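S.K.: Have a look at this one before I ask anything.
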Amino acid sequence: MNEAILDLFPAGTTINSAGNLVVGGCDTVFLAGHYGTPLYILDENHIRRQCREYRREFTRAYQNVRVAYASKACLNKALASIINQEEMELDVVSGGELAIALSAGFPAAKIYFHGNNKSKSELEYAFQAGVGHFVADNLAELELIDRLAGKTGYLPEILLRVTPGVDAHTHHHITTGVAGSKFGLPLEDAARAIKQAAGLASLEIAGLHCHLGSQIHEVEPYVKALGILLEFSHTMKIEQGFELKVLSLGGGFGVNYTLEDKALPAGVYAGAIASALVAGCGELGLELPRLVIEPGRAIVASAGVTLYSVGMQKKIRGFGHYVAVDGGMADNIRPALYDAVYTAVAANKVNHRIENEVIIAGKYCESGDILIRNASLPVIEAGDILAIPVTGAYCMPMASNYNGALKPAVILVNKGKHRLIRRREEYRDLMYLDVEGGQ
Ligand code: LLP
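Convert by adding 3 to the 1-based position in the sequence shown; the result is the number in our numbering.
Here it is as structure tokens:
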């Protein structure tokens with residue numbers, strides 16, 4: 004095995020004397036036997052490390068900053084508690100994510116409620132819970148929030164989501180800051196919304212939000228968007244007396260999925276964003292706003308490892324050598340949906356010589372259910388355990404019951420200890436919501 008591959012795993016990942024992969028101080032082959040496969044592993048220490056790095060680097064660069072974890076990347080009660088302990092804020096995008104966060108005791112005042120089509124009942128729920136910040140997507144939502152504020156006497160902080168028209172050079176399914184996106188308003192419409200919102204009885208727009216896309220490997224899109232938003236705020240200030248108190252640049256900070264990827268450290272984003280913000284506000288005579296960033300992937304992706312057991316294999320002349328595992332697109336849809344590229348190691352044969360280029364196929368009834376198109380592995384036999392790193396973000400929350408798949412268990416490992424934080428689904432869970440004799 005290429006030793007460098009361990010860099011894709013959580014910090015401190017090693018190989019033990021049995022030649023097994025050790026994550027968070029735990030032998031992954033033992034974990035696979037103990038909890039079964041597929042198995043999602045999250046390394047607690049690594050999550051905390053990422054939280055601290057983002058908070059440290061952004062606070063160092065710009066004092067008035069809040070780091071809100073984008074919970075869509077992965078959310079469960081244990082994770083919400085860790086994020087809270089790390090003094091991060093939280094971005095939720097639905098009543099469901101809000102419910103999970105609240106059930107873990109996450110303070111509502113530190114939650115940002117996003118979404119391009121929040122329903123009235125979701126808004127009411129968030130109001131009732133005392134959610135501190137709402138990122139409004141459009142004028143109709145501003146009006147709805149205003150009515151709720153009038154009725155309840157509670158006024159959360161409101162940001163307006165705008166699309167600055169910046170291309171973040173990422174996969175088109177995860178690009179959101181370009182003109183024509185379904186999210187937020189183009190500047191022209193945002194200007195109109197700000198004007199109309201000024202006439203609303205209760206509500207005040209405290210600032211602007213944009214999110215450019217995900218898995219961004221450059222600072223330029225952030226700096227460009229920031230410049231556009233500051234210019235826009237300046238115009239709005241002159242025309243409508245608008246004060247930019249809060250500026251949220253969303254998430255999108257890229258991570259390394261393979262050794263070829265070149266993710267930027269948090270400090271590079273922080274430095275570039277902070278200096279552009281200070282310079283831009285200086286030039287335009289704007290007060291320095293509170294800055295909000297919302298990393299999701301960068302906090303949890305590299306903390307996650309998925310374990311699979313190998314089943315059948317077949318070599319098809321002229322096509323390749325398939326190694327089928329006991330999971331696939333139901334637990335990681337990303338290769339099928341975004342052509343996402345992953346690597347794998349044989350967790351019980353980490354020191355064995357690489358012998359083959361294989362195709363790692365999932366077990367679901369779709370030809371597109373291929374996890375890795377060219378994995379370099381030693382000689383593989385049924386029962387071997389494959390470990391795929393960088394699966395902590397957008398795998399668990401996008402998991403499905405397709406083909407009656409049972410969603411895997413999730414465990415937290417830390418310094419040699421392991422604990423179940425979400426049990427594996429059982430067959431009865433598949434029927435749980437069916438109503439006996441229902442139509
Ligand atoms: N803030 C907003 C408003 C967002 O829409 C998102 C992600 C984030 C923050 C966090 O972005 P991150 O730091 O994780 O890149 N399912 C796709 C990713 C979709 C991201 C959607 N929005 C994937 O698996 O690549």
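Think of the CB as a built atom: it goes at the ideal place given N, C-alpha and C, for glycine as much as any other residue.
Remember, predicted model here, so these are calculated numbers, not experimental data.
According to DSSP, what are the bridge partners of P189?
M.R.: T166
S.K.: Which residue or residues does DSSP assign as beta-bridge partners of T31?
M.R.: In the DSSP output, where bridge partners are listed per residue, T31 has none listed.
S.K.: Exposed or buried, M434, counting other C-beta atoms within 10 Å across all chains shown (16 or more means buried)?
M.R.: exposed
S.K.: How big is the Cα-Cα spacing for N48 and R55?
M.R.: 10 Å
S.K.: Please classify K227: is it buried, with 16 or more other beta-carbons within 10 angstroms of its beta-carbon, or exposed?
M.R.: buried
S.K.: I'd like to know if the stretch 294-306 and the stretch 64-74 are in contact, where contact means that at least 3 CB-CB pairs between them fall below 8 Å.
M.R.: Put simply, the stretch 294-306 touches the stretch 64-74. At least three CB pairs are less than 8 Å apart.
S.K.: Taking the straight line between their C-alpha atoms, what separation do you get for L409 and G202?
M.R.: Cα to Cα, the separation comes out at about 51 Å.
S.K.: Could you check if L232 is buried or exposed, using at least 16 other CB atoms within 10 Å of its CB as the buried criterion?
M.R.: buried
S.K.: Pull up the distance between the alpha-carbon of A286 and that of Q66, whole angstroms please.
M.R.: The sequence shown places Glu at residue 286, rather than the Ala named in the question. Computed Cα separation, rounded: 19 Å.
S.K.: How about the stretch 235-253 and the stretch 274-293: do they share at least three Cβ pairs that are nearer than 8 Å?
M.R.: Verdict: yes, contact present.
S.K.: Relative to ligand 1, is the shortest distance from any of its heavy atoms to the C-beta of K75 smaller than 7 Å?
M.R.: yes
S.K.: DSSP puts R422 in a beta bridge; with which residues?
M.R.: L415
S.K.: Sorry if obvious, but does the Cβ on S217 come closer than 7 Å to a heavy atom of ligand 1?
M.R.: yes
S.K.: Run through the stretch 287-318 for me and flag every whole beta strand (DSSP E) of 3 or more residues, listed as ranges in chain order.
M.R.: The beta strand (DSSP E) runs of length 3 or more contained entirely in the stretch 287-318 are, from start to end of the chain, 293-296.
S.K.: In angstroms, rounded to a whole number, what distance separates the CA positions of N404 and Y57?
M.R.: Whole-angstrom Cα-Cα distance: 34 Å.
S.K.: Would you call the stretch 412-431 in contact with the stretch 22-30, where contact means no fewer than 3 C-beta pairs closer than 8 Å?
M.R.: yes
S.K.: What three-state label does DSSP hand F12 in the structure shown?
M.R.: coil
S.K.: Since F116 is in the beta strand (DSSP E), which residue starts that stretch and which ends it?
M.R.: Membership of F116 in the beta strand (DSSP E) is indicated by the continuous run I114 to F116.
S.K.: Enumerate in chain order the residues of its own chain whose CB-to-CB distance from N87 is below 6 Å, with the five nearest sequence positions on each side excluded.
M.R.: F109
S.K.: At what residue ranges does the stretch 313-396 contain a whole run of the beta strand (DSSP E), taking only runs of 3 or more?
M.R.: 323-328, 359-364, 373-380 and 388-392
S.K.: What residue ranges within the stretch 47-94 form continuous alpha helix (DSSP H) runs of no fewer than 4 residues, ordered along the chain?
M.R.: 47-64 and 80-88
S.K.: Indicate the three-state DSSP secondary structure (helix, strand or coil) for V222 in the structure shown.
M.R.: coil
S.K.: Measure from the alpha carbon of R427 to the alpha carbon of each residue in G440, L188 and V413, then state which is nearest.
M.R.: V413
S.K.: My understanding is that L45 touches G386, with C-beta atoms under 8 Å, so please give their C-beta distance in whole angstroms.
M.R.: Contact flag wrong, Cβ pair sits at about 25 Å.
S.K.: Is any heavy atom of ligand 1 found at a distance shorter than 7 Å from the C-beta of Y430?
M.R.: No - ligand 1 has no heavy atom lying nearer than 7 Å to the Cβ of Y430.
S.K.: Relative to the C-alpha of T261, which candidate in F186, I276 and S379 has its C-alpha closest?
M.R.: When only C-alpha atoms are compared, the closest one is S379.
S.K.: How about the stretch 367-374 and the stretch 389-406: do they share at least three Cβ pairs that are nearer than 8 Å?
M.R.: yes
S.K.: I363 to Q199, Cα distance in whole Å?
M.R.: Those two C-alpha atoms are separated by around 54 Å.
S.K.: Could you pull the DSSP bridge partners for A139 from this structure?
M.R.: L163
S.K.: Closer than 6 Å by C-beta to T17: which residues in its own chain qualify, once you throw out the five before and the five after it? Chain order, please.
M.R.: V25
S.K.: For a quick check, are the C-beta atoms of L250 and L294 less than 8 Å apart?
M.R.: Taking 8 Å as the Cβ cut-off, L250 and L294 qualify as a contacting pair.
S.K.: For S205, which residues in the same chain have their Cβ closer than 7 Å to its Cβ, ignoring the five residues on either side in sequence?
M.R.: D149, A152, G153 and L158
S.K.: Buried or exposed: where does Q218 fall if 16 or more other Cβ atoms within 10 Å of its Cβ makes it buried?
M.R.: Q218 comes out buried.
S.K.: For I8, which option in N417, Y345, S236 and A81 has the closest C-alpha, if you only look at C-alpha atoms?
M.R.: Y345
S.K.: Are R164 and V134 close, meaning C-beta to C-beta below 8 Å?
M.R.: no
S.K.: Please confirm whether H237 and L162 have their CB atoms less than 8 Å apart.
M.R.: no
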